[in-house]
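Each number in the working numbering comes from the position in the sequence shown (counting from 1) with 7 added on.
Even glycine gets a Cβ: it sits at the ideal position worked out from N, Cα and C.
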Amino acid sequence: MKEIWKDISWYKWLYTISNYGNIKSYHNKWLILKWSITPKGYKRVTLNMECNISSFYAHRLVALAFIDNPENKPQVNHIDWNKLNNYYKNLEWSTDSENKLHKTRVLLINPIQNIKKMRKYYI
């Protein structure tokens, strides 16, 4: 599948994000930036614009750039529950209750394997 790039709207011409969750920086001659992994397992990057430094989650940036949100839902859910899979077709906008319900359903599919995954991030 082809990697598609879009400007991060509030950092136009400085940063672009792909439908796979990669990010390029014009500051570094369009080099792909490295993500850090949070203690809970999400990819995060720090962006800088005129000394205004902010951190962002990969899944949120991908969703903002590639997924419509007509109902203005506040959260982004990983459909396969893999926090490192930030491909836009694996993400969906959700409410807090929808996100929790999805997590419960995913845990029921393979409870032993998924509980081991959860322990890694929550214990």
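Residue i, enclosing alpha helix (DSSP H) - first and last residue
i	result
L54	Here L54 belongs to no alpha helix (DSSP H); instead the beta strand (DSSP E) covers 50-56.
L68	65-73
Nearest-angstrom Cα separation, counted from residue j out to residue i
i	j	result
Y27	N93	6 Å
D103	W37	35 Å
P46	L40	19 Å
L54	H109	30 Å
L71	L21	16 Å
L68	R112	25 Å
I74	H66	11 Å
Y95	C58	30 Å
S16	Y49	22 Å
N106	L91	17 Å
I30	W42	9 Å
D87	Y64	17 Å
H34	M56	10 Å
Start and end residues, beta strand (DSSP E) containing residue i
i	result
H85	82-85
L21	L21 -> no beta strand (DSSP E), and no H or E assigned at all.
K13	12-14
L91	It is not in any beta strand (DSSP E) - L91 carries neither H nor E in the DSSP assignment.
W100	98-101
Distance between beta carbons of residue j and residue i, contact taken as under 8 Å
i	j	result
R51	S62	5 Å
K13	T23	6 Å
I11	S25	6 Å
Identity of the residues DSSP links to residue i by a beta bridge
i	result
N59	M56
Legend entry - Segment contact, 8 Å Cβ cut-off, at least three pairs: the region 94-104 with the region 76-84: Because the criterion of three Cβ pairs below 8 Å is met, the region 94-104 and the region 76-84 touch.
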